[in-house]
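See structure below.
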Amino acid sequence: MNEPAPVIEINGLGYAYGSADAVHDLSLSVQPGRCYGLFGRNGAGKTTTMKCLLNLLRPRGGRVRMFGLDPAKAEVEVKRRLAYVPDYVAFYPWMTVRETLDYLASFRTHWNRETERDLLDRFRLDAGQRAGALSKGQRTQVALIAAISPEPELLLLDEPTSGLDPIVRREFIETVIGAYQEGNPGKRTILVSTHLISEFEGLIDEFTIMDGGRNVMTLGADAARERFQKIRARFAGAAPEAGFAGALQVRRTGRELELIANGAGAQIMEQLRGLGPESLTSEALTLEEVFVATLRTGSERRLA
Amino acid sequence: MLLQINYKSGKPVYLQVVDQIKAAAASGAVQVGEPLPSIRPLAEELRVNRNTVAKAYTELESQGVIETVPGKGCFLKPNQSPLKKDIRRKLLIEEIDQAVVQAHHLQVPAEEFLELVQERLQAIGELKRSSDQAAKEAL
Numbered sequence: 626m627n628e629p630a631p632v633i634e635i636n637g638l639g640y641a642y643g644s645a646d647a648v649h650d651l652s653l654s655v656q657p658g659r660c661y662g663l664f665g666r667n668g669a670g671k672t673t674t675m676k677c678l679l680n681l682l683r684p685r686g687g688r689v690r691m692f693g694l695d696p697a698k699a700e701v702e703v704k705r706r707l708a709y710v711p712d713y714v715a716f717y718p719w720m721t722v723r724e725t726l727d728y729l730a731s732f733r734t735h736w737n738r739e740t741e742r743d744l745l746d747r748f749r750l751d752a753g754q755r756a757g758a759l760s761k762g763q764r765t766q767v768a769l770i771a772a773i774s775p776e777p778e779l780l781l782l783d784e785p786t787s788g789l790d791p792i793v794r795r796e797f798i799e800t801v802i803g804a805y806q807e808g809n810p811g812k813r814t815i816l817v818s819t820h821l822i823s824e825f826e827g828l829i830d831e832f833t834i835m836d837g838g839r840n841v842m843t844l845g846a847d848a849a850r851e852r853f854q855k856i857r858a859r860f861a862g863a864a865p866e867a868g869f870a871g872a873l874q875v876r877r878t879g880r881e882l883e884l885i886a887n888g889a890g891a892q893i894m895e896q897l898r899g900l901g902p903e904s905l906t907s908e909a910l911t912l913e914e915v916f917v918a919t920l921r922t923g924s925e926r927r928l929a
Numbered sequence: 006m007l008l009q010i011n012y013k014s015g016k017p018v019y020l021q022v023v024d025q026i027k028a029a030a031a032s033g034a035v036q037v038g039e040p041l042p043s044i045r046p047l048a049e050e051l052r053v054n055r056n057t058v059a060k061a062y063t064e065l066e067s068q069g070v071i072e073t074v075p076g077k078g079c080f081l082k083p084n085q086s087p088l089k090k091d092i093r094r095k096l097l098i099e100e101i102d103q104a105v106v107q108a109h110h111l112q113v114p115a116e117e118f119l120e121l122v123q124e125r126l127q128a129i130g131e132l133k134r135s136s137d138q139a140a141k142e143a144l
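First to last, the protein sequences are chains X and U. According to the numbering used here, the first sequence is numbered sequentially starting from 626. According to the numbering used here, the second sequence is numbered sequentially starting from 6.
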């Protein structure tokens, strides 16, 4: 079977603010219908990458294709097919919510009024309220309605839930799953950058961890949870000082050992069993733990 | 029927949904002919990708556990696997082998293992009987 053409294709992307490298030789591709996570710390290059996809920044190097098109040459066509929710949302403060949505709808060829009404109800937003009087959470909700109502093929979410309260964050994610994905599941693609990884855990199919503008790791979510394991062993006496091939991290406290394995879980378990532990358990790492383990190991390696 | 996703189990999310619905069917928490939650509300409730739930339902349908009635939703089917008996046995043997291997590593001897199997068969059977009874009385 032929792989469908990717919705987003980034090859060797580079960008620098003055002489400061923000994105360096980044490559990734997002297939239609997938929810793709871009994970990184503040300043990892996530927003810069998103802006290059939107032609808000011109790449210094490499190639970006959206729906197979160059966003610098086919800007209107590309933007027609996507919606973008940035981390900081600004509207004209003197417009009401109703006027804001009508204004944004006027740029679109398609706008689902029913979805718009459902979401206004769901978020308990007053359409007559002025945008300037909305809270940060309500502004994000209006931005989400404006992003979902045109039923775009691609949703770009840049740190969409940072700074929001837990209830609003929950509703945001449920809305993306329900109202957005339901329409045409095979074609509704999402690229979300976040450092609130645990909230998006169930939504993410595949992810890239970025650090210092580089792609540190790209993996499927299920594959990551299968590959990364936390193994704990307790011994009758002091924990053995043995080395463990394939362990990302080893913590030793008195009688206990805790190891993080990347793919070598079975071998490490076997080796530990041979040492006769009192107890031996293993569990998968969540995506957030995978993120922390990957970046922490990376920085230790750089320091060494 | 309440489902719960555990990201620390290392098991693919869609398989967790498949296994939990099968467990709910075996214990009578869902009855034959009873509708399963539709994909969208279940995905929202679990806060997992809609496609993950859709994949789980497709898998359950191909295993003959549920059927989709167009326009009405998904329903639990009478327990009739479309697979031949020897294949069903083979699939079960694979699962049993895993439990046997696990028992060895957890130092559970054979007799105790068999006792545990008896105990679980009884426990799940009882759950099923009481759920079936409750379903009958509700009619």
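Think of the CB as a built atom: it goes at the ideal place given N, C-alpha and C, for glycine as much as any other residue.
Asked                                                                                                                                                                        : Found
Of all the CB atoms in chain X, is at least one closer than 8 angstroms to the CB of E99 (chain U)?                                                                          : no
Are the CB atoms of E913 (chain X) and S818 (chain X) nearer to each other than 8 angstroms?                                                                                 : no
Going by the CB atoms, is the gap between R723 (chain X) and A752 (chain X) shorter than 8 angstroms?                                                                        : yes
So, is the C-beta of L828 (chain X) closer than 8 angstroms to a C-beta in chain U?                                                                                          : yes
Could you check what DSSP says for L912 (chain X) in three-state terms: helix, strand or coil?                                                                               : helix
At a CB-CB cut-off below 8 angstroms, which residues of chain U make contact with G803 (chain X)?                                                                            : R45, P46, A48, E49 and R55
Is the beta carbon of R690 (chain X) sitting closer than 8 angstroms to the one on D830 (chain X)?                                                                           : no
Ordered along the chain, which non-local residues of its own chain (more than five positions away) have a Cβ less than 6 angstroms from that of L828 (chain X)?              : C660
Just to confirm before moving on: does the CB-CB distance between L132 (chain U) and S43 (chain U) stay below 8 angstroms?                                                   : no
Mind pulling the alpha helix (DSSP H) runs of 4 or more residues that sit fully within the region 679-730 of chain X?                                                        : 700-705 and 722-730
If distances are taken between C-alpha atoms only, which option among U:Q68, U:L88, U:Q112 and U:K90 comes closest to V23 (chain U)?                                         : U:Q68
Buried or exposed: where does R134 (chain U) fall if 16 or more other Cβ atoms within 10 Å of its Cβ makes it buried?                                                        : exposed
Measure the CB-CB distance between S774 (chain X) and T814 (chain X) and report whether it falls below 8 angstroms.                                                          : no
Output, in chain order, the set of chain U residues within a Cβ distance shorter than 8 angstroms of D743 (chain X).                                                         : Under the 8 angstroms cutoff, chain U gives no residues; its nearest Cβ is about 12 angstroms from D743 (chain X).
Give me the Cα-Cα distance between I633 (chain X) and L653 (chain X), rounded to the nearest whole angstrom.                                                                 : 8 angstroms
Counting contacts by CB-CB distance shorter than 8 angstroms, is V23 (chain U) in contact with chain X?                                                                      : no
So, using beta-carbon positions, are Y19 (chain U) and T73 (chain U) closer together than 8 angstroms?                                                                       : no
May I have the straight-line CA-CA distance separating K60 (chain U) from P46 (chain U), to the nearest angstrom?                                                            : 15 angstroms
In three-state terms, what does DSSP make of E117 (chain U)?                                                                                                                 : helix
Helix, strand or coil for L750 (chain X), going by three-state DSSP, please let me know.                                                                                     : coil
With three or more beta-carbon pairs closer than 8 angstroms as the criterion, would you say the region 778-792 of chain X touches the region 668-675 of chain X?            : yes
Does the ligand ZN have a heavy atom nearer than 7 angstroms to the CB of M842 (chain X)?                                                                                    : Of ligands this structure carries none, so the ligand ZN is not represented either.
Spell out whether any CB of chain X is found under 8 angstroms from the CB atom of V106 (chain U).                                                                           : no
Does K13 (chain U) have its Cβ less than 8 angstroms from a Cβ in chain X?                                                                                                   : yes
Any C-beta of chain U within less than 7 angstroms: which residues of the region 653-671 of chain X qualify?                                                                 : G658 and C660
So the beta strand (DSSP E) I633 (chain X) belongs to, where does it begin and stop?                                                                                         : I633 to Y642
Rounded to the nearest angstrom, what separates L882 (chain X) and R666 (chain X) at their Cα positions?                                                                     : 28 angstroms
Using a Cβ-Cβ cutoff of less than 7 angstroms, which residues in the same chain neighbour G762 (chain X) once the five nearest sequence positions on both sides are dropped? : L789, D790 and V793
So what does DSSP say about A929 (chain X), is it helix, strand or coil?                                                                                                     : Note that A929 (chain X) scores 46 on pLDDT, short of 50, meaning its location in the model is unreliable; the coordinates nonetheless yield the value given after this. DSSP places A929 (chain X) in coil when its eight states are reduced to three.
Starting from the beta carbon of A715 (chain X), find every residue of chain U whose beta carbon is closer than 9 angstroms, and list them in chain order.                   : Per Cβ cutoff of 9 angstroms: no residues; A715 (chain X) is ~28 angstroms from chain U at best.
Excluding the 5 residues flanking K676 (chain X) on each side, which residues of the same chain have their C-beta closer than 6 angstroms to its C-beta?                     : L682
Alpha carbons only, please: which of X:V703, X:G643 and X:G686 is nearest the one belonging to L694 (chain X)?                                                               : X:V703
Just curious, the alpha helix (DSSP H) that Y12 (chain U) is in, first and last residue?                                                                                     : No alpha helix (DSSP H) contains Y12 (chain U), which DSSP labels as neither H nor E.
Taking Cβ-Cβ distances shorter than 9 angstroms, what residues in chain U pair up with I798 (chain X)?                                                                       : E49 and R52
Counting only beta-carbon separations shorter than 8 angstroms, does V113 (chain U) have a partner in chain X?                                                               : no
Which same chain residues end up closer than 8 angstroms to R910 (chain X) when comparing Cβ atoms and leaving out the 5 residues on each side of it in sequence?            : A small correction: the amino acid at residue 910 (chain X) is Leu; Arg does not occupy that position in the sequence shown. Here the set comprises A849, R850, F853, Q854, K855, I885 and A918.
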